[in-house]
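Just below is one structure, and these are the notes that go with it.
Number of protein chains: 2
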Amino acid sequence: MNNEKKLIEKYLLPLAQNKESLFLKNDAAYFKKHNLVISTDMMIEDKHFKKCVDPNLLAKKLIRINLSDIAAMGAVPTGFFLNIAIPKHKSQCWLKNFTTGLKLDMKKFNLKLYGGDMSSSDKIFLSLTILGKTDSYCHEKNYTKSNSGIFVTGCIGDAGLGYELMSNDLIFNCSTKSKKRLIQKLLLPEPRLSVGKKLLNNADFCTDISDGLLEELSFIAKQSNKQANIFLDKIPLSCASKELFTKNKRKVNDIWEIILSGGEDYELLFCLSKKQKLDKNLKGISKIGYFSSGKGVRIFDSKGKEFKTRKSGFSHF
Amino acid sequence: MNNEKKLIEKYLLPLAQNKESLFLKNDAAYFKKHNLVISTDMMIEDKHFKKCVDPNLLAKKLIRINLSDIAAMGAVPTGFFLNIAIPKHKSQCWLKNFTTGLKLDMKKFNLKLYGGDMSSSDKIFLSLTILGKTDSYCHEKNYTKSNSGIFVTGCIGDAGLGYELMSNDLIFNCSTKSKKRLIQKLLLPEPRLSVGKKLLNNADFCTDISDGLLEELSFIAKQSNKQANIFLDKIPLSCASKELFTKNKRKVNDIWEIILSGGEDYELLFCLSKKQKLDKNLKGISKIGYFSSGKGVRIFDSKGKEFKTRKSGFSHF
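From first to last, the protein sequence lines stand for chains F and E. All letters in the first sequence, in the order written, are residues 1 to 317 by my numbering. All letters in the second sequence, in the order written, are residues 318 to 634 by my numbering.
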């Protein structure tokens, strides 16, 4: 468990002993009586993004990271509350660009703006609280069983690699095109709303990968008192990340570390027992391993050799 | 209209054209279908509070400014989502104190913690989204009629005076006891939940005074296309603020300016037509004026002379 989760467990979990909170173990709270799920996420300058990022993109990312929580619950998003704190001197221009992006994604995802709060501040601070509706059911389980398969959507690790390349241009040899694609994944994730909803009544559990694949797997392994086994050659990689492996043969392990533990992919991670079948219409899903008796997460390479990592995921603390 | 409201009207209101938002004209959004009201408010270091303020008090104030919005809607608060961003180095100690205060006010006001998000940041940033339930009705009107009386709860101006005294010890002659009381009102407002609820089906409209009495009155006057007339000798003052008038005879106008336009009182401001009667069990309510045909806000002293102010209320921009 990372430091952030430890702080939450120690100080906030004791205050969240109610059924709606799902004991802070899921991606959102669940109000069964109202068929509502609600989640909230922040984005802070110099922690989640640099000052230079286009406010238009920031707005979209803020919406999408929150939508990703709604996707993980299998709900349909309806609208949100927005808190904006920005420096006084740039308020007009910044707000114009920010609300242009906001409007585009509100249309794309059919969302309403319900309310919010605005303030000035030295650095940009954003928080969004999103509401989603359910049909009397959502992904409220946070554990799995032995022999259940481990599945992910899309490609894993692009956002983490994009983050490293954005922070340090020289860390890897990489074509301009691939660099752009990896950073694009970081700045503009794709919430997997349709997959999350189609998995309802089927998957053991479902979550989004916000803090890195290993961190999310460790959590579920711990909650389920089981061992997650995953295979490097089953992990879906984008063309851009494959290029990184080819062009940086001496840094293969470093690249895997980032892919496995880098945050902000916002793909879905879910489990299916052998009896549970994947909807045939679902595209872009990969089985990357399975749960067994045991503890923690074990990673194997194509020769069956265990791959050891230095860290499991991202933590703010 | 202050700059903050202008920015909201220009950039955010066009995105909030839905009935739940109440067109951003009220203290919370209203989900009639679910009998829910939801509101959100932020508190930011160096904007809303100084670093030195006890986290225990910050937690209570954060809860109470949000409860004040629920009070203004006449709803019953049920629980909240919490976003916390704090510097890494003080996370343990700060969180311990903060959650101690949180726990006390959660118990006092019977609130649940539903979820949230946590991050590190250079300065403290807090946001809270609160939920309240209604019985199929709430204060959703944001206008009033001619001849309606203007009423407030509690005493007006204490928080504003407390803020000035906290920022500059020497601004006014003031006893230590009075200074403490005024600052206490700033740090620990009392949400008027019971009054807000008792006014349901009775008051023309109801709001909380977060940005200053004149700012709130100007807004309602504009929405109603009416003129607010208020009388200085009817405005309820605390013993502490009365002491300030006595001890600072040359600064009487400055003190009135602060009382009328200082923010953060979190008292309720509401209107009753002549037919609407106040519940006899309601204590601590003062009638301070009435609405008439005309525009804007006019203030009269005890001799019937008009009192002119330099500014109407607080704005972050």
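Cβ atoms here follow ideal geometry from the backbone N, Cα and C, with glycine treated the same way. On a predicted model such as this, the values are computed, not experimentally measured, just so you know.
With 16 or more other Cβ atoms from the protein chains shown falling within 10 Å of its own Cβ, His34/F counts as buried. For Arg615/E, the three-state secondary structure derived from DSSP is strand.
Less than 8 Å separates the beta-carbon of Gly196/F from that of Met73/F. By the Cβ criterion, the segment 162 to 180 of chain F is not in contact with the segment 288 to 303 of chain F, since fewer than three pairs of Cβ atoms, one from each stretch, lie closer than 8 Å. Residues of the same chain with a CB within less than 7 Å of the CB of Ser619/E, apart from the 5 flanking positions on each side, are Leu549 and Asp550 in chain order.
Contact of Met390/E with chain F by beta-carbon distance below 7 Å is absent, the smallest such distance being about 11 Å. For Ala85/F, the three-state secondary structure derived from DSSP is strand. Along the segment 408 to 435 of chain E, the positions whose C-beta sits under 9 Å from a C-beta of chain F are Ser408, Gln409, Leu412, Lys413, Phe415, Thr416, Leu419, Lys420, Met423, Lys429, Leu430, Tyr431, Gly432, Gly433, Asp434 and Met435, read in chain order. Under the DSSP assignment, Ala345/E falls outside any alpha helix (DSSP H); it carries neither an H nor an E label.
Under the three-state reduction of DSSP output, Pro331/E falls in the helix class.
Per DSSP, the continuous beta strand (DSSP E) segment holding Tyr290/F begins and ends at Ile285 to Ser292.
With contacts defined as CB atoms closer than 8 Å, Gly132/F and Pro77/F qualify as a contacting pair. Looking only at Asp521/E, Asn414/E, Asp596/E and Ile500/E, the smallest Cα-Cα distance to Lys462/E is reached by Asp521/E.
What Ser121/F touches in chain E, judged by beta-carbon distance under 7 Å, is Ile361 and Lys364, going in chain order. The beta-bridge partner set that DSSP reports for Phe548/E consists of Phe617/E.
Within the segment 220 to 243 of chain F, not one residue has a Cβ closer than 9 Å to any Cβ of chain E. Nearest CB-CB separation between Phe317/F and chain E: below the 8 Å threshold. Gly418/E: member of the alpha helix (DSSP H) spanning Ser408 to Lys425, first to last residue.
DSSP links Lys450/E through a beta bridge to Leu353/E and Val393/E.
Using a Cβ-Cβ cut-off of 8 Å, Glu321/E counts as an interface residue toward chain F, since at least one Cβ of chain F sits closer than that to its own.
Looking at Arg298/F, Phe245/F and Ile86/F, the one whose alpha-carbon comes closest to that of Glu215/F is Arg298/F. As a beta-bridge residue in DSSP terms, Asp434/E pairs with Asn400/E.
With contact defined as three or more Cβ pairs closer than 8 Å, the segment 232 to 249 of chain F and the segment 148 to 164 of chain F are in contact. The C-alpha of Phe98/F lies about 13 Å from the C-alpha of Ile325/E.
Counting only Cβ-Cβ distances below 8 Å, Glu337/E has contacts in chain F at Gly79, Lys112 and Tyr114, in chain order.
The residue among Ser286/F, Phe80/F, Ser148/F and Ile124/F with its C-alpha nearest the C-alpha of Ser224/F is Ser148/F.
Excluding the 5 residues flanking it on each side, Arg192/F has same chain C-beta neighbours closer than 6 Å at Ala71, Thr153 and Leu268, in chain order. Secondary structure note for Phe536/E: its alpha helix (DSSP H) is the uninterrupted segment Leu530 to Ser541. Ranked by how close their Cα comes to the Cα of Tyr143/F, the residues Lys226/F, Ile183/F and Phe317/F have Lys226/F in first place.
For Asp363/E, the three-state secondary structure derived from DSSP is coil.
When beta bridges are read from the DSSP output, Cys271/F appears opposite Ile150/F and Phe205/F.
For Phe442/E, the nearest beta carbon of chain F is closer than 8 Å to its own beta carbon.
Remark: C-beta atoms of Lys47/F and Ser436/E approach each other more closely than 8 Å. Taking a contact to require three or more Cβ pairs closer than 8 Å, the segment 443 to 458 of chain E and the segment 46 to 63 of chain F do not qualify as touching. Residues of chain E with a Cβ closer than 7 Å to the Cβ of Lys88/F are, in chain order, Phe634. Under a criterion of Cβ atoms nearer than 8 Å, no residue of chain F is adjacent to Ser619/E; the nearest Cβ is some 37 Å distant.
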